[in-house]
Amino acid sequence: MKKTILIIVIIGVVIFFVLGLFRGPHEDRGGEQYTSRWGFIDKSGAIIIAPGFSGVGEFSQGLCPVISGGKYGFINKKGETVIQPRFDWASNFQNGLARVKIDGKWGFIDTAGNTAVQQVFDALGDFSQGSAPAEFGGKWGFIDRSGNDVIKPEFDRAYNFSGNLAGVNINGKWGFIDGAGRQVIKPEYDWIKSFSEGLAAVIAGDKTGYIDRSGKMVISPRFDDAGDFKDGLGRVLTGGKWGYIDKSGKYIVEPKFDLTQDFSEGLAPVKEGGKWGYIDKSGKYAVSPGFEEGRAFTGGIAVVKAGGKYGVIDKAGKFIAGPGFDEVRDSSEDLIAVKSGGKWGFIDEAGKAVIEPKFDFAANFSDGLVGIRVNQKGKEQDNPGGQDQDKD
């Protein structure tokens, strides 16, 4: 159980702090040096912003964080620099603000690049329900969009507000507070997850159960691990096997699977006998187990791996694309990134090729554009387009 908790902690820290900025290192191939550069294409495959950056994020509110000259700045959808690269780290914009880091300290800027919250914090989360978790002097509290304390820093750890409650840690124990900083659920648990469909998984001792928003233990701690409730069902682990329970704690699907994922669109990926398939909410197989990998359904399709290759299936288990790809990313803005022959391109959700595989990497579409990487032969040199280069 301790190992499981450690994994959860690591994942939580990574999700909390790391922006998915794609970076391209130098590459040596058979004695030849290659430098990776990032640019953007549209949904027709046309290059909109020429590759010239060492790393890119995703467009949000018309702006995208990029790495140039070893620093983070922001460009618009024309590729014009809107906020000069001067930060050691920068996030995507959310609700008009982006987290930035300078000399080890964190703050927020607005879309004009002006400082909205001074860079004085040791760590920051994004804003949610009007406040953001912030660490100052070794303790966590919450600030408003001007950087003023909403809840004074007095916690050893704090997470974003969700449904008017935020998880906090005091002296190694976890509980929940409301927007005024009042303890709604006493810190008495070894670990907590966020509320989902009215319930939150909590670890007490070496077992996991569920509490409601008043703090009442509605499903007793008797599981070795547990996930969030999705579509009315929660994943639970007992005796080395996973199953699904309802909100009363009753097993709807008995624990018999080696691995499971959450229900999505009425189906859940499960692994049994070394193969992945998909079950419905009664526990019956809708798609028989026969895949080496299976991802959740989104928009009626799911990415699977069969015979060492990736493809996309519908809810009947029929392939609409592949399997024949080296890698496949989940759909973004109705297009799916696929890797074939060492190069990335895109297909649509019907399986039709839209952009031929010719890029060394492709990210996710956002605001109609997607970051693509090309590996350019040769040593570091200035970009003809005028962008500074970053030595990764």
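For what it's worth, our numbering labels the leading residue of the sequence shown as 162, then goes sequentially.
Note that the Cβ used here is the ideal one computed from N, Cα and C, for glycine as well.
Assumed close pair residue i, residue j - CB separation to whole angstroms, cut-off 8 Å
i	j	result
Tyr-350	Ile-364	6 Å
Ile-244	Gly-234	5 Å
Ile-202	Ile-533	5 Å
Gly-455	Ala-463	7 Å
Val-489	Val-473	7 Å
Gly-223	Asn-237	6 Å
Gly-393	Asp-373	About 15 Å separates the two Cβ atoms, so there is no contact after all.
Distance CB(residue i)-CB(residue j) smaller than 8 Å
i	j	result
Trp-267	Gln-280	yes
Glu-426	Gly-395	no
Gly-265	Ile-516	no
Phe-418	Thr-399	no
Ser-501	Asp-491	no
Ile-353	Gly-324	no
Leu-530	Ile-228	no
Asp-339	Leu-326	yes
Leu-428	Asp-441	yes
Asn-309	Asp-287	no
Val-278	Ser-307	yes
Gly-410	Ile-380	yes
Asp-510	Asp-528	Per the sequence shown, the amino acid found at residue 510 is Glu instead of Asp. Contact: no.
Outcome for residue i when other beta-carbon atoms lying within 10 angstroms are tallied against a minimum of 16
i	result
Tyr-412	exposed
Arg-190	Any reading at Arg-190 must be qualified, since the residue scores a pLDDT of 38, below 50, and its modelled position is unreliable; no value is offered.
Arg-318	buried
Gly-213	buried
Ala-477	exposed
Glu-108	Examination of residue 108 is not possible in this model, given that the chain is present from 162 through 553 alone.
Glu-415	exposed
Glu-315	exposed
Gly-302	buried
Arg-198	buried
Gly-200	buried
Lys-313	exposed
Thr-276	exposed
Lys-538	exposed
Gly-192	At Gly-192, the pLDDT of 46 sits below 50, so the modelled position is not reliable; the number obtained from the coordinates is stated separately. Result: exposed.
Ala-523	buried
Ala-467	buried
Gly-432	According to the sequence displayed, residue 432 carries Lys and not Gly. The residue in question, Lys-432, is buried, as its Cβ has 16 or more Cβ neighbours within 10 Å.
Ala-514	exposed
Gly-401	exposed
Gly-299	exposed
Gly-438	buried
Gly-483	buried
Leu-167	Confidence in Leu-167 is poor, its pLDDT being 36 and thus under 50, which makes the residue's placement too unreliable to answer from.
Pick from the options that is closest to residue i, judged by C-alpha positions
i	options	result
Ala-216	Ile-440, Val-473, Ser-252	Ala is not the amino acid found at residue 216; the sequence shown has Gly there. For the residues Ile-440, Val-473, Ser-252, the minimum Cα distance to Gly-216 belongs to Ser-252.
Phe-122	Ala-259, Lys-239, Glu-219, Lys-238	Past the edges of the chain, shown from 162 to 553, lies residue 122, and the structure says nothing about it.
Gly-451	Gly-444, Ala-457, Asn-237, Gly-435	Gly-435
Asn-525	Gln-222, Trp-335, Tyr-446, Gly-506	Gly-506
Glu-358	Ser-381, Ile-380, Leu-285, Phe-390	Phe-390
Val-345	Lys-377, Pro-314, Gly-366	Lys-377
Gly-485	Lys-479, Val-535, Tyr-439, Val-499	Val-499
Ala-341	Lys-368, Ala-387, Ser-292	Ser-292
Pro-382	Thr-369, Tyr-320, Ala-514	Thr-369
Ala-295	Phe-269, Ser-355, Ile-497, Asp-521	Phe-269
Gln-422	Pro-246, Leu-285, Trp-403	Trp-403
Ser-221	Thr-272, Pro-246, Ile-263, Asp-475	Thr-272
Phe-520	Ile-508, Lys-504, Gly-410	Lys-504
Asp-141	Ala-387, Arg-374, Pro-348, Trp-250	Not covered by the structure: residue 141. The range shown for the chain is 162 to 553.
Phe-424	Tyr-405, Trp-437, Ala-284	Tyr-405
Val-311	Gln-290, Ser-375, Gly-299	Gln-290
Gly-274	Tyr-439, Asp-475, Cys-225, Ser-443	Cys-225
Lys-347	Lys-232, Ser-375, Tyr-446	Ser-375
Gly-512	Asn-536, Asp-305, Asp-475	Asp-475
Lys-239	Pro-246, Ile-263, Ala-211, Lys-232	Ala-211
Which residues DSSP lists as bridging residue i, in chain order
i	result
Glu-296	Ala-284, Trp-301
Ser-527	Leu-530
Phe-520	Trp-505
Val-464	Val-473
Ile-263	Lys-266
Thr-276	Ile-270
Phe-248	Tyr-233
Asp-423	Beta-bridge pairing links Asp-423 to no other residue.
Phe-480	Ile-474
Arg-198	Val-535
Proximity test, residue i beta-carbon vs the ligand MG heavy atom, cut-off 7 Å
i	result
Ser-381	By its list of ligands, the structure shown contains no ligand whatsoever, and the ligand MG lies outside what it can speak to.
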